[in-house]
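Chains as they are written, first to last, in the numbering used here: chain A, 72 to 373; chain B, 72 to 373; chain C, 72 to 373; chain D, 72 to 373. Cβ atoms here follow ideal geometry from the backbone N, Cα and C, with glycine treated the same way. Working notes, beginning with the structure itself.
Protein chains: 4
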Amino acid sequence: MPLSPEQLSEIEAQRALSQPTRRAVSPGIEQHLYTAFGVLDHGFVRVIDYMGDDAAICQAARVSYGRGTKSVQNDEGLIRYLMRHWHSTPFEMCEIKLHVKLPVFVARQWIRHRTANVNEYSARYSILDREFYIPEPDHVNAQSTVNNQGRGGVLEGAEAARVLEILKADSARAYDNYEAMISQDGQAGLARELARMNLPANIYTQWYWKVDLHNLFHFLRLRADAHAQYEIRVYADQICRLVADWVPFAYRAFEDYRLGGAQLSAPALDCVRRMLRGETVDQENSGMSKGEWREFEAALGR
Amino acid sequence: MPLSPEQLSEIEAQRALSQPTRRAVSPGIEQHLYTAFGVLDHGFVRVIDYMGDDAAICQAARVSYGRGTKSVQNDEGLIRYLMRHWHSTPFEMCEIKLHVKLPVFVARQWIRHRTANVNEYSARYSILDREFYIPEPDHVNAQSTVNNQGRGGVLEGAEAARVLEILKADSARAYDNYEAMISQDGQAGLARELARMNLPANIYTQWYWKVDLHNLFHFLRLRADAHAQYEIRVYADQICRLVADWVPFAYRAFEDYRLGGAQLSAPALDCVRRMLRGETVDQENSGMSKGEWREFEAALGR
Amino acid sequence: MPLSPEQLSEIEAQRALSQPTRRAVSPGIEQHLYTAFGVLDHGFVRVIDYMGDDAAICQAARVSYGRGTKSVQNDEGLIRYLMRHWHSTPFEMCEIKLHVKLPVFVARQWIRHRTANVNEYSARYSILDREFYIPEPDHVNAQSTVNNQGRGGVLEGAEAARVLEILKADSARAYDNYEAMISQDGQAGLARELARMNLPANIYTQWYWKVDLHNLFHFLRLRADAHAQYEIRVYADQICRLVADWVPFAYRAFEDYRLGGAQLSAPALDCVRRMLRGETVDQENSGMSKGEWREFEAALGR
Amino acid sequence: MPLSPEQLSEIEAQRALSQPTRRAVSPGIEQHLYTAFGVLDHGFVRVIDYMGDDAAICQAARVSYGRGTKSVQNDEGLIRYLMRHWHSTPFEMCEIKLHVKLPVFVARQWIRHRTANVNEYSARYSILDREFYIPEPDHVNAQSTVNNQGRGGVLEGAEAARVLEILKADSARAYDNYEAMISQDGQAGLARELARMNLPANIYTQWYWKVDLHNLFHFLRLRADAHAQYEIRVYADQICRLVADWVPFAYRAFEDYRLGGAQLSAPALDCVRRMLRGETVDQENSGMSKGEWREFEAALGR
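And the structure:
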């Protein structure tokens with residue numbers, strides 16, 4: 072993630088400037104504003120702006136004339152109650168704006184979350200940089216044999232080397248040809264909106280992404296999950312750390328009730344009840360399919 | 072809009088508190104934060120929080136590392152270009168949160184704008200105040216004879232007086248009975264979620280409403296329009312004044328390209344061309360229906 | 072729910088007409104099309120149109136050239152897998168359009184679900200009918216003493232009678248005055264957009280409401296829940312019966328994984344694990360608040 | 072767009088099957104159901120399902136017990152009125168579901184329209200086909216010199232040939248290497264979710280896309296416009312032809328009031344008024360920037 076000296080100085084200039092405001096301020100996230108937190112080999116996440124804090128969630132829930140509840144302790148209790156009972160609208164009252172640099176194939180997964188605002192760097196208008204995601208050797212995995220949409224063990228030496236060699240060579244060649252096609256040196260130069268089609272999905276793009284806290288939590292629950300693809304999970308993990316500093320009460324409630332919790336089905340609840348009564352329950356008498364049973368045992372940590 | 076001394080002191084406490092922030096600050100809107108701007112007889116609009124300013128629109132459009140464009144003049148030019156060419160996403164990068172007190176029948180129109188976040192004061196949980204909208208005499212109008220969903224001239228003396236008398240008496244009686252039903256004095260007391268059904272649509276409710284600038288402009292274009300019902304238009308007009316102070320470049324572009332502009336249909340454009348060539352065009356040879364022609368003449372100020 | 076003879080004959084005319092189509096057809100819902108299923112004293116739910124069936128969910132999940140999976144058994148297995156793993160987009164590929172008649176205070180809760188399309192009967196344009204919701208005596212409840220936003224036991228004789236008397240008398244008077252204000256007999260007549268403000272929240276309105284199956288399930292999970300207000304829950308219950316006939320596989324999965332299931336928090340999962348190991352766990356050593364513990368015990372049926 | 076014999080026979084099987092339904096049926100679109108209409112070299116658009124017709128728009132606008140207005144002529148008049156006055160909700164009551172095959176760089180533009188439902192073919196789960204978009208020679212254009220995000224004239228012989236050669240060779244090599252990496256012949260085989268990152272943006276993907284008519288018109292207004300990139304415009308044009316057969320009244324109103332119309336700004340309206348009064352107006356005394364003036368003259372066909 073090597074930012075140019077000009078980019079770094081623009082960031083520094085913004086970080087140096089502090090102005091008074093009457094709005095709610097979250098000190099935990101103020102310290103991180105504008106800083107580029109590196110993700111993958113060339114990517115990053117930067118907080119550009121935010122609205123609200125833990126107290127703002129309570130303030131909205133109470134449609135209050137002042138700030139949140141009367142005491143900080145009450146604020147946390149109310150936030151946990153709201154999260155537990157699926158009250159989503161108070162969490163929508165906080166908003167965050169991020170600048171993210173990410174490979175195109177990650178961007179394509181990310182954009183499927185529609186309840187957010189996005190401005191992407193335009194490859195119709197501008198020329199993309201020569202930056203491609205090349206995985207670290209310990210993240211070059213085989214196709215999973217149990218899960219059609221997952222990965223299995225890390226690839227061994229020669230095969231991994233071949234893969235990395237291909238990714239590097241094809242990226243370099245695609246970019247060389249991209250440049251050759253748009254060049255106006257001795258030729259007209261292909262339109263950028265056409266030339267971009269030659270670039271592979273591991274090229275980096277970037278965007279401004281703005282989302283409210285409720286929808287961000289939904290994104291994080293799915294993308295910080297163990298089943299998410301590694302390359303998007305590392306972005307979600309980085310965002311989790313930032314949110315924990317921004318709205319610590321809400322984040323802790325999210326960890327307890329969403330990230331670390333589990334949805335048990337009606338048959339699964341029934342099995343728990345039978346087990347607590349001392350019955351021996353196995354997959355065959357559980358009323359669950361093999362897949363469900365496996366997930367049920369995982370939820371119980373068995 | 073008589074706020075209680077406790078409410079006023081909560082507002083004053085918030086206004087008095089100023090903290091440093093690294094975020095974009097809009098001085099024009101900072102001065103208005105938390106102040107209750109009166110609308111109708113008991114309603115108000117208060118700005119609770121905001122995100123972004125004119126430069127933030129440019130910053131997002133450019134997916135920039137620093138702030139907006141290099142010069143303030145360029146910022147305005149870019150914003151006008153974006154508005155003119157229907158680029159909506161940069162305007163979505165600004166957000167505003169309002170506290171609004173409004174009659175229920177206005178709230179029912181307002182909520183039809185779905186791309187916003189809302190926390191409404193709960194009449195299941197809380198007891199509503201005795202506050203009802205009673206129109207000023209010069210806003211008590213007859214049913215329009217030309218527009219089925221509009222109003223005509225102001226009602227004359229005796230009829231207007233009867234209307235106002237009915238509205239006042241029915242409001243008072245409905246509220247008295249609401250109180251009588253929920254009272255726990257010598258009886259169990261009806262559940263609030265049931266008792267509220269006795270209250271008429273001119274009772275005031277309140278909510279926190281958060282929306283991005285693009286969707287706010289859409290709301291304002293429809294609700295600050297001459298065809299909107301007066302009682303929602305006065306809220307839209309008040310919000311227009313606040314937005315003009317918050318993002319002056321964007322607001323001016325909105326005035327020029329949306330509020331003050333007009334959508335001409337294909338037949339209407341054709342008529343303009345013919346008229347500019349010196350042809351005499353009237354409704355009969357215009358290809359437009361009578362209604363369209365009337366609207367066309369209005370757009371041309373004839 | 073007394074429909075007029077003209078309305079009934081319009082409905083019959085639509086039900087009598089059958090035409091060939093190449094689209095997916097769900098026989099279970101075809102039989103119910105247009106029929107008004109009564110809810111509360113004057114309300115109803117009618118299915119106006121639908122798109123898709125169980126197989127269409129599978130067809131979309133597979134981005135298929137033909138219909139769903141090769142066998143009906145596979146269809147059900149795939150649908151259960153998709154529901155269990157929170158794949159929402161295949162369920163969004165089914166859509167239903169309802170005509171609903173409901174009291175205004177129910178409509179105000181309902182409309183908070185924003186991801187749906189709505190056309191409501193306009194009281195600016197038209198005159199509302201004289202129809203008000205008056206609860207059955209066994210649904211006139213006291214305010215709950217344990218839950219601020221709920222109801223407790225049924226009100227006893229004299230108090231219940233007083234409540235019903237008030238609701239009836241105030242509704243009748245409000246409507247009489249509404250009619251008197253808009254009357255053009257010997258006076259100009261108040262604009263309908265103003266007169267409607269005199270009507271209480273138990274008057275009936277009606278709308279066309281269109282929603283995809285994923286968002287409908289979300290609505291039903293919240294509104295067919297025991298904690299939802301009775302007057303909206305009866306609508307949700309009626310819709311559940313219709314959905315069960317429309318997409319039987321998807322509905323059964325919804326019952327097992329959502330309606331009948333429970334979300335256990337991280338501390339709750341930990342307690343289950345400890346209990347299964349034979350530990351005695353009570354609220355004090357559970358790490359849960361009293362409220363959480365009560366809900367946890369309820370989920371385990373203790 | 073060569074479909075496999077198995078795909079063609081699946082499509083034929085669906086087209087051959089006709090069942091009775093009580094729902095609204097649009098004969099104009101029934102005839103096209105499931106047929107793959109070719110777009111670009113390997114892409115297509117297929118209508119999978121639809122809900123509603125012209126009468127359904129009127130039915131919803133009137134919250135009707137039967138079908139639309141009493142006469143077909145009234146239906147068209149009402150639809151034109153609704154379109155002209157920006158009533159969006161009745162158009163949301165119609166819905167269409169398409170199966171689209173399209174290059175990834177087109178899909179990335181398309182997906183920015185968020186108010187739609189999408190199921191995309193998963194390259195984590197499945198192996199993509201060897202199909203790449205290679206433009207026809209008369210659509211290989213130079214970068215525009217006047218519009219940073221557009222294309223200029225067609226490239227001349229040798230340069231165009233070089234471009235096509237590069238696109239073909241790089242596509243072929245990228246796909247060969249994709250296959251080599253995922254192969255399980257003599258090696259473990261790279262996970263598909265990783266291998267896909269080697270594929271360029273001209274590879275074809277496919278999805279099910281479902282959208283209501285209001286949001287579809289918004290999409291078509293932007294993407295069937297002369298300023299849209301050619302490769303997405305041909306999809307929009309094809310969809311326009313299908314919509315014209317599905318809801319002919321609504322489509323004609325869309326052509327007149329949106330596609331063929333123009334939004335005039337306040338200064339532009341003022342200029343028209345001055346010109347009609349006989350004043351000579353040029354850019355300098357128009358109050359418009361050069362860009363605005365150019366667009367204004369284009370709207371007037373000068």
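Item                                                                                                                                                                             : Value
Using a C-beta to C-beta distance shorter than 8 Å, which residues of chain D count as neighbours of A:Asn212?                                                                   : Leu261, Ala262 and Leu265
Take D:Gln384 and list the residues in its own chain whose beta-carbon comes closer than 6 Å to its own, dropping the five residues that flank it on each side.                  : Summary: the structure shown does not reach residue 384 of chain D, with chain D confined to residues 72 through 373, and so no result is reported for it.
Ignore the nearest five residues each way along the sequence and tell me which others in A:Gly33's own chain have a CB closer than 6 Å to its CB.                                : Nothing about residue 33 of chain A can be read from this structure; chain A reaches only from 72 to 373.
In the structure shown, what three-state DSSP assignment does D:Trp317 receive?                                                                                                  : helix
Going by CA-CA distance only, name the one from B:Ser97, B:Glu101 and B:Ala107 that's closest to B:Ser75.                                                                        : B:Ala107
Suppose the cutoff is 6 Å on Cβ atoms and the five residues either side in sequence are ignored; what does the same chain contact list for C:Trp181 look like?                   : none
Name, please, each residue of chain A whose Cβ falls closer than 9 Å to the Cβ of C:Ser215.                                                                                      : Here the premise fails: no neighbours, minimum Cβ distance about 15 Å.
In three-state DSSP terms, what is C:Gln85?                                                                                                                                      : helix
Classify C:Ala95 as buried or exposed, calling it buried when 16 or more other Cβ atoms lie within 10 Å of its own Cβ.                                                           : buried
When the Cα of A:Asp120 is compared with those of A:Lys172, A:Trp364, A:Trp317 and A:Gln354, which residue comes out closest?                                                    : A:Trp317
For the alpha helix (DSSP H) containing A:Glu366, list its first residue and its last residue.                                                                                   : Lys361 to Ala370
Under 8 Å, Cβ to Cβ, is there at least one residue of chain D near A:Leu270?                                                                                                     : yes
Pick out whichever of B:Val225, B:Ala213, B:Met252 and B:Glu227 has its Cα sitting closest to the Cα of C:Arg263.                                                                : B:Ala213
How about C:Pro414: is its C-beta nearer than 8 Å to some C-beta of chain A?                                                                                                     : Because residue 414 of chain C is not part of the residues shown, which for chain C are 72 to 373, the question remains open.
Find the nearest neighbour of C:Leu104 within the set C:Leu111, C:Asp124 and C:Ile82, judged by alpha-carbon distance.                                                           : C:Ile82
Should B:Val118 and B:Leu313 be called a contact, given that it needs their Cβ atoms to be closer than 8 Å?                                                                      : yes
Quick check: is any heavy atom of the ligand HEM less than 7 Å from the C-beta of D:Gly137?                                                                                      : Here there are no bound small molecules, and the ligand HEM is not part of this structure.
Kindly say whether A:Arg348, judged by its beta-carbon, lies nearer than 8 Å to any beta-carbon of chain D.                                                                      : no
Leaving aside the five residues before and after D:Ser242 along the sequence, list all residues of the same chain whose C-beta is less than 7 Å from its C-beta, in chain order. : Phe203, Pro271 and Asn273
Since A:Val116 and A:Ile310 are thought to touch, with beta carbons under 8 Å apart, how far apart are those beta carbons, to the nearest angstrom?                              : 6 Å
Please check the pair C:Leu347 and A:Leu371, which I expect to be a contact at CB under 8 Å, by giving their CB distance rounded to whole angstroms.                             : 7 Å
According to DSSP, simplified to helix, strand and coil, what is B:Gln255?                                                                                                       : coil
Could you check the C-alpha separation between C:Gln90 and B:Leu149 for me, to the nearest Å?                                                                                    : 54 Å
Any contact between the region 219-232 of chain A and the region 252-261 of chain D? By contact I mean 3 or more CB pairs, one from each, below 8 Å.                             : yes
Just verifying my parser: in three-state terms, what is the DSSP assignment at B:Tyr121?                                                                                         : strand
Identify whether D:Leu335 lies in helix, strand or coil by the three-state DSSP scheme.                                                                                          : strand
Please look up how many angstroms separate the CB atoms of A:Glu113 and A:Tyr279, rounded, as I've assumed it's under 8 Å.                                                       : Inspection of the sequence shows that residue 113 of chain A is occupied by His rather than by Glu. Between A:Tyr279 and A:His113 the Cβ distance is about 18 Å, and since that is not below 8 Å, they are no contact.
Does the contact criterion of 3 or more C-beta pairs under 8 Å hold for the region 326-336 of chain D versus the region 337-356 of chain B?                                      : yes
For D:Leu371 and chain B, any beta-carbon pair shorter than 8 Å?                                                                                                                 : yes
Should the region 184-201 of chain D be regarded as contacting the region 153-166 of chain C, the criterion being three or more beta carbon pairs within less than 8 Å?          : yes
Using a threshold of 8 Å, state whether the C-beta atoms of A:Gln85 and B:Gly137 are closer than that.                                                                           : yes
Would you say B:Asn190 reaches chain C, if we count a Cβ-Cβ gap shorter than 8 Å as a contact?                                                                                   : no
Given a cut-off of 8 Å on the beta-carbon distance, is the pair A:Lys172 and A:Tyr275 in contact?                                                                                : yes
CB C:Met268 to CB B:Pro73, shorter than 8 Å?                                                                                                                                     : no
Does the separation of the CB atoms of A:Glu302 and A:Val177 fall below 8 Å?                                                                                                     : yes
With DSSP as the reference, identify every bridge partner of D:Asp283, one or two as the case may be.                                                                            : D:Glu166
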